[in-house]
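**Q** Taken in sequence, the protein lines are chains Y and B. The numbering of the first sequence is this note's numbering, which starts it at 715 and goes up by one. The numbering of the second sequence is this note's numbering, which starts it at 475 and goes up by one. Glycine is no exception: its CB is placed at the ideal position from the N, C-alpha and C atoms. Handing you this structure, nothing more for now.
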Amino acid sequence: MYEVKKLVKKFDKVKVLKEIDLDIKEGEKIVIIGPSGSGKSTLLRCLGRLESPTSGKIYFDNKDITKIHNTHEIGMVFQSFNLFENLTVLENITLAPIKTKLLSKQEAIKKAREYLKQIKLEDKENNYPADLSGGQKQRVAIIRALMTNPKVILFDEPTSALDREMIEEVLNLMEDVAKEGITMIVVTHELNFASNFATKIIFMDEGKILESGSPKELFNNPKTERLKEFLKG
Amino acid sequence: MSFFNDIGDSFYKSFIYDDRYLYFLEGIKNTLIIAFFAVLIGIFLGMIISLIKDYNKEKNKLKILAKICDFYVYVIRGTPVLLQLMILYYVVFKTVDIPIVLVGVLTFGLNSAAYVSEIIRSGILSIGNGQKEAAKTLGLSYFQTMRYVIFPQVLQNMLPALGNEFITLLKDTSVAGYIGIVELLKASDIVSSRTYDYFFPLIVSALIYLFFTFLLVRFMRMLERKLNHVRS
Ligand SMILES: Nc1ncnc2c1ncn2[C@@H]1O[C@H](COP(=O)(O)OP(=O)(O)OP(=O)(O)O)[C@@H](O)[C@H]1O
Ligand SMILES: [Mg+2]
Chain Y
715 MYEVKKLVKK FDKVKVLKEI DLDIKEGEKI VIIGPSGSGK STLLRCLGRL ESPTSGKIYF
775 DNKDITKIHN THEIGMVFQS FNLFENLTVL ENITLAPIKT KLLSKQEAIK KAREYLKQIK
835 LEDKENNYPA DLSGGQKQRV AIIRALMTNP KVILFDEPTS ALDREMIEEV LNLMEDVAKE
895 GITMIVVTHE LNFASNFATK IIFMDEGKIL ESGSPKELFN NPKTERLKEF LKG
Chain B
475 MSFFNDIGDS FYKSFIYDDR YLYFLEGIKN TLIIAFFAVL IGIFLGMIIS LIKDYNKEKN
535 KLKILAKICD FYVYVIRGTP VLLQLMILYY VVFKTVDIPI VLVGVLTFGL NSAAYVSEII
595 RSGILSIGNG QKEAAKTLGL SYFQTMRYVI FPQVLQNMLP ALGNEFITLL KDTSVAGYIG
655 IVELLKASDI VSSRTYDYFF PLIVSALIYL FFTFLLVRFM RMLERKLNHV RS
């Protein structure tokens, strides 16, 4: 699904990603871990077309990602939710499928209500984001991403802005989404979640992928000193 | 008694004699025409200018157009509106047969567009990139994002600033008298130069301006309440 070849990203002369190579197959659940500033968000944002590579290539389903214009196939969930503040919950989740003509208005509303029921927020459809708790916002953001039928959803620290008691509800929803078979790439500091959820863990440090493999391999047998240190906390 | 006689006399001279109130009606009409159409032009053109600049920033396209917009805003904000009016009237439309009120409408519209575009631009900046990024990852195009997500929020956040701009515009139309447009202040000037009595014409003009700005303030408040109501 994704082929990343020698990806370099610089912000004013500073190399934040250093020749990253990465293959991601359909259906994989990737978790990216690593210390602050190691380039996790930048990599994810490149995969999500929010940053353009300085050099190197990213292919998505064999298409050069810089040549893709508007697409609903790559969804994203943000740490700060980014729900549309001017729209109700229902409008937030139906706007894109309706305006991009993916679904008719009726179909979109029907699908949206099913999802809202699934996350037990059916009585909030006419509320504005400002009325919701952080956990509720993030769950709405996740079903908003699902509404457009993406092939992959990228999550950048989806629970980092949440209080302890809300983290669980968001992680549970992500596990439900995973069961649908959709490809997911998640940056998170929730290592317990990662070890159950991930088919593959990627450890990044200073703009490079230092180690990658199954949760067992990485968590039980870290090879590099950097990962050992990182896992110690 | 003679004080009241004087006042009555002054009032009579200023408004009744020779149907002088007609000047004021003409003045009100022209002031409102200029202000109203200038606001429309200002909003429309201001939105286009801010869109071009934002599109350029976002996509790195339309470079030349964006530079022209920058220059336009710079020039308009850097020169007095009276000077702009005179240039349009004495230079640009010197040889063109065009109703003089239209010159006023154009000047104030073009002037207001620069200020409105800056208000909208800072409104777009204040919203932050998160909203745009979320829209992009949902497959919405740039224009869909602006139309359904960004502009509604800009309007909501910037309503007070836009209201100020329109109040300023309404008052600034008073300089249009300089090129001979009979707007409200010019009307009172014409009358007082006949009667050598400034009291009533000036006070009445002031009251009329106040009345219109009062209406405008109320209208903007109503809009604000309506938009905020939606949110809570
Ligand atoms: N838009 C930007 N402009 C300039 N520098 C940036 C920008 N975005 C990120 N950086 C820099 O790139 C480096 C990597 O940042 P990135 O956000 O990808 O790290 P991260 O691994 O996600 O960290 P964290 O765990 O703190 O979120 C950091 O040094 C950061 O300061
Ligand atoms: Mg990050």
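Under the criterion of a Cβ to heavy atom distance below 7 angstroms, does Y:Lys851 qualify as lining ligand 1?
**A** The residue given as residue 851 of chain Y occupies position 137 in the first sequence. Incorrect: Y:Lys851 has no Cβ contact closer than 7 angstroms to ligand 1.
**Q** Just to confirm, does Y:Lys922 get its C-beta within under 7 angstroms of one of the non-hydrogen atoms of ligand 2?
**A** On the first sequence, position 208 is the one that residue 922 of chain Y refers to. Result no, Cβ not under 7 angstroms from ligand 2.
**Q** Just to confirm before moving on: does the CB-CB distance between B:Tyr497 and B:Val665 stay below 8 angstroms?
**A** Position 23 of the second sequence, counting from 1, holds the residue named residue 497 of chain B. Position 191 of the second sequence, counting from 1, holds the residue named residue 665 of chain B. Yes. Within cutoff.
**Q** Determine the DSSP secondary structure at B:Phe489, reduced to helix, strand or coil.
**A** Position 15 of the second sequence, counted from the start, is the residue given in the question as residue 489 of chain B. Helix.
**Q** Any idea what DSSP makes of B:Ser667, helix, strand or coil?
**A** Within the second sequence, numbered from 1, the residue matching residue 667 of chain B stands at position 193. Here B:Ser667 sits in helix by DSSP.
**Q** Which residue from B:Ala588, B:Asp480 and B:Val566 puts its Cα closest to that of B:Gly552?
**A** As a first step, residue 552 of chain B is located in the second sequence; it is residue number 78 there, counting from the start. Closest by alpha carbon: B:Ala588.
**Q** Hey, is Y:Val691 close to ligand 2, as in C-beta under 7 angstroms from one of its heavy atoms?
**A** Outside the displayed range of chain Y (715 to 947) lies residue 691 of chain Y, so it cannot be described from this structure.
**Q** Using a Cβ cut-off of 8 angstroms, pull out every chain B residue sitting near Y:Leu761, in sequence order please.
**A** In the first sequence, the residue the question calls residue 761 of chain Y occupies position 47. The premise fails here: Y:Leu761 is roughly 11 angstroms from chain B at the closest Cβ pair, so nothing lies under 8 angstroms.
**Q** Counting only Cβ-Cβ distances shorter than 7 angstroms, please list the residues of the segment 520-542 of chain B near chain Y, keeping chain order.
**A** none
**Q** Could you tell me the distance, in whole angstroms, from the CA atom of B:Ser706 to the CA atom of B:Leu681?
**A** Position 232 of the second sequence, counting from 1, holds the residue named residue 706 of chain B. Position 207 of the second sequence, counting from 1, holds the residue named residue 681 of chain B. The predicted position of B:Ser706 is uncertain, since its pLDDT is 49 and thus under 50; no value can be drawn from it.
**Q** Name the residues in the segment 775-809 of chain Y whose C-beta lies less than 7 angstroms from a C-beta of chain B; which are they?
**A** Asn784, Thr785, His786, Ile788, Gly789, Met790, Phe792, Ser794, Asn796, Phe798, Glu799, Asn800 and Leu809
**Q** Which residue comes first and which comes last in the alpha helix (DSSP H) that contains Y:Met715?
**A** Counting from 1 along the first sequence, the entry for residue 715 of chain Y is found at position 1. Counted as a single uninterrupted DSSP element, the stretch harbouring Y:Met715 is not any alpha helix (DSSP H), since DSSP gives it neither H nor E.
**Q** By how many angstroms is the C-alpha of B:Ile508 removed from the C-alpha of B:Leu576?
**A** Looking up residue 576 of chain B in the second sequence gives position 102. Looking up residue 508 of chain B in the second sequence gives position 34. Answer to the nearest angstrom: the Cα atoms are 8 angstroms apart.
**Q** Do Y:Ile807 and Y:Tyr829 have their beta-carbon atoms positioned less than 8 angstroms apart in this structure?
**A** For this step, residue 829 of chain Y is matched to residue 115 along the first sequence. For this step, residue 807 of chain Y is matched to residue 93 along the first sequence. The Cβ atoms of Y:Tyr829 and Y:Ile807 lie closer than 8 angstroms to each other.
**Q** Determine the burial state of Y:Arg940: buried for a count of at least 16 other Cβ atoms within 10 Å of its Cβ, exposed for fewer.
**A** Here residue 940 of chain Y corresponds to residue number 226 of the first sequence, with the count starting at 1. Y:Arg940 should be labelled buried.
**Q** Can you determine whether any heavy atom of ligand 1 sits closer than 7 angstroms to the C-beta of Y:Thr802, and answer yes or no?
**A** If you number the first sequence from 1, residue 802 of chain Y lands on position 88. False, no ligand heavy atom lies under 7 angstroms from that Cβ.
**Q** Would B:Phe478 be called buried (16 or more neighbouring beta carbons within 10 Å of its own) or exposed?
**A** Position 4 of the second sequence, counted from the start, is the residue given in the question as residue 478 of chain B. Exposed, because fewer than 16 other Cβ atoms sit within 10 Å of the Cβ of B:Phe478.
**Q** Can you tell me the Cα-Cα spacing of Y:Phe798 and B:Gly516, whole angstroms?
**A** Taking the first sequence and counting its residues from 1, one reaches residue 798 of chain Y at position 84. Taking the second sequence and counting its residues from 1, one reaches residue 516 of chain B at position 42. One C-alpha to the other measures close to 27 angstroms.
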